[in-house]
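Read through the structure below, which is laid out as structure tokens, and then see the notes.
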Amino acid sequence: MVHKGAGNTSSTCSCFTTLGAENFLARVSHCRLHSPSVHQPPTDYPSHPDTPRLARRHSAPTHHGTSPRGAEASTGSWNRMRRAEVAVVGAGAAGLVAARELLREGHAVAFFEKSGRTGGTWAYDPRADADPLGRDPASPGAVHGSLYASLRTNLPRELMGFSGFPMAGRVFAGDPRAFPGHREVLAFLDAFAEESGVAARVRLRAEVLRVAPLGQGERWAVAWRGEDGEVAEEVFDAVVVCNGHCTAPLVPKIRGIDKWRGKQIHSHNYRVPEPFRDQSVVVVGFAASGIDIAAEISRVAKEVHIAARYSEDRLGKIELYQNVWMHAEIDGIQDDGRVHFAEGSAVAADTILYCTGYRYHFPFLDLDGLTVDDNRVGPLYRHVFPPKYAPNLSFVGLPFKTIIFQALELESKWVAAVLSGHTALPSEEGMMTAVREDYRRMEEAGRPKRHTHALWPEWVEYMNWLADQVGEPHLEARRRDVYDRVLKCIWSLDDRYRDRWEEEEESATVATLQRKGSICQASYRDSSR
Ligand SMILES: Cc1cc2nc3c(=O)[nH]c(=O)nc-3n(C[C@H](O)[C@H](O)[C@H](O)COP(=O)(O)OP(=O)(O)OC[C@H]3O[C@@H](n4cnc5c(N)ncnc54)[C@H](O)[C@@H]3O)c2cc1C
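So for the sequence shown, the numbering used here puts the first residue at 17; every next one is plus one.
In structure tokens:
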């Protein structure tokens, strides 16, 4: 895949945006007012007229057919059930749920994972890259994971389960908190992999080196290297790419950086705050990870200076913290080596820590007509299918700024249903028209290319559109509200929101119980005697 130049800053790997708080709150309330209600059809992702909706789900495949590419697929006349042989690349959350949905739909799955375990990002890796900026994710020994030791989820557990296998109400590694630490999520994924039967199918230490179409993409050759170093090639009907997108750092170009004599590190390689003790640190970027890391470092550092876009409304010292200041974005490095911010101030610092997100990276794909251009993977129909190679090549897990696990599941169901013939895609031209339309709308809204896969604020529309494709109900109002509430919490800049959340949930529950009347209270008193 051709990678064209990335923009200055990025999409962020976490679920949230780098908009300013005011801007954000205005948009959240806009969402509240104007989002379609749960059962209304989405407005922003109109179904292409060619797209037959999935009317009902079937239990098992009955026919083996040929590829649903081309005219048959586009007219929707390809209505036989097809059991495809599918290679899934990567066994993180996306690959695990994709494998489950493919198996449920009756497909055969070969599951490749380059590391020694499943769980992807959630398998905390204390190592860091030799290069603190992680510039070459393909270098030998490059680290996949980007979690820091203290990381707790930024979404509550009720938004992090899969259908039929919730995370809420259950404890997997002894951490019952609403926003658990990373070990709890990994244990949840392990349990999910076991229970869904996908764990047994994973080929560990099997790194996919190359994925290439045979003919027009009816079949796909997958070259992979096993633990013994041997390279093998196998042929599949389809390939689902789930290699994660929080590994290859996006580092903005800073004017005059050659004059910088201090250290630079990307959050991909941040693990613990100790190396920053007594330092003056400039944290660039202000999404969920940036907020967490700035708060954590402030407990040991001398000073923390956050450089962020859209921060005009809160420049200066942040009251919540003793030693944290908010600035506009970095304007450049001065001749004296100080970091100069766009609002006019400058600081002498020891380290610049980039929390500026990640770039999409597919080292095993070199496909004509599919590019990563300024962090837009495209063209892709609804973030999943490249029209030229659909449906036999697909991507699960590119979008962010949404309820990620639910998006992974819906995308997976869609891929599985398209491959089996339960639902069909528009023609290649129909998909391209939809892609161009999406790009045009982005441009009109003034959204840069690099935000192509950042779903917010239209995330509900995308989720509901996917749900329509696979005959699932629309997003529950409660989940939407919880997500909006989390965003507000993050933008409060107070990293204690996670614990407060639990206190608030508890008091809300008590209040509800109390509202339910004295009978409950009386019976509670009776039973507690
Ligand atoms: C700091 C941080 C905080 C986050 N917090 C949250 C949160 O609170 N809630 C939330 O929902 N999400 C959060 N996320 C997003 C997180 O990325 C998703 O939850 C999810 O883990 C993405 O799963 P994935 O399978 O797409 O990618 P990954 O988890 O990265 O998995 C990809 C897998 O593919 C494998 N792989 C890659 N290349 C190859 C190859 N060539 N051959 C074989 N295997 C390969 C990798 O080894 C890896 O196991 C966070 C991410 C980060 C970095």
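Backbone N, C-alpha and C define an ideal beta-carbon position, used for all residues, glycine too.
In this text the structure is predicted, and so the values were computed from the model without any measurement.
Scanning Arg168, Ala264 and Gln280 for the CA closest to the CA of Val300 turns up Gln280. Contact annotation: the region 504-518 does not touch the region 459-470, with fewer than three C-beta pairs closer than 8 Å.
Counted as a single uninterrupted DSSP element, the alpha helix (DSSP H) harbouring Glu200 occupies residues His198 to Glu211.
Around the beta carbon of Ala524, a 10 Å sphere encloses fewer than 16 other beta carbons of the protein chains shown; the residue is thus reported as exposed. Scanning its chain for C-beta atoms nearer than 6 Å, with the 5 sequence neighbours on each side dropped, one finds around Lys465 the residues Asp390 and Arg392, in chain order.
Between Glu117 and Lys429 a beta carbon distance of about 5 Å is seen, short of the 8 Å cut, so the two are scored as contacting. Annotated as distal: His467 and Leu414, with beta-carbon spacing of 7 Å or more. Scanning its chain for C-beta atoms nearer than 7 Å, with the 5 sequence neighbours on each side dropped, one finds around Arg143 the residues Val159, in chain order. Three or more Cβ pairs closer than 8 Å define a contact, and the region 165-173 falls short of that threshold against the region 145-152. Inclusion of Glu174 and Ala189 in the CB contact set at 7 Å is not warranted, their separation being larger than that value. Annotation note: the region 396-482 contains the following uninterrupted alpha helix (DSSP H) runs of length 4 or greater, listed N- to C-terminal: 420-436 and 444-460. Note on the region 292-366: whole alpha helix (DSSP H) runs with a minimum of 4 residues are 304-314, in chain order. In chain order, Ala22, Ala264, Leu266 and Asn391 place their CB closer than 6 Å to the CB of Arg375, counting only its own chain and leaving out the 5 sequence neighbours on each side. With a cut-off of 6 Å, the C-beta of Leu491 is classified as distant from ligand 1, since no heavy atom of the ligand falls inside that distance.
For Ala165, the CB stays at least 6 Å from every heavy atom of ligand 1.
If you check the C-beta of Cys505 against ligand 1, you find no heavy atom less than 6 Å away. Between the C-alpha atoms of Val256 and Ser296 there is a straight-line separation of about 44 Å.
Under DSSP, the beta-bridge partners assigned to Arg241 are Glu223 and Val247.
In this chain, the beta strand (DSSP E) harbouring Val104 covers Glu101 to Val105. Residue pairing by DSSP puts Trp236 in a beta bridge opposite Pro229 and Phe252.
Straight through space, the alpha carbons of Gly353 and Ala423 are spaced by roughly 44 Å. Under the three-state reduction of DSSP, Tyr140 is assigned to coil, being neither helix nor strand. In this structure, Gly108 sits near Gly136, with a CB-CB distance shorter than 7 Å.
The secondary-structure analysis by DSSP pairs Gln280 across a beta bridge with Ile368.
Per the DSSP secondary-structure output, Phe178 pairs in a beta bridge with Phe181. Distance from the CA atom of Ala203 to the CA atom of Lys269, rounded to whole angstroms, is 38 Å.
A direct Cα-to-Cα measurement between Gly242 and Thr387 gives close to 28 Å.
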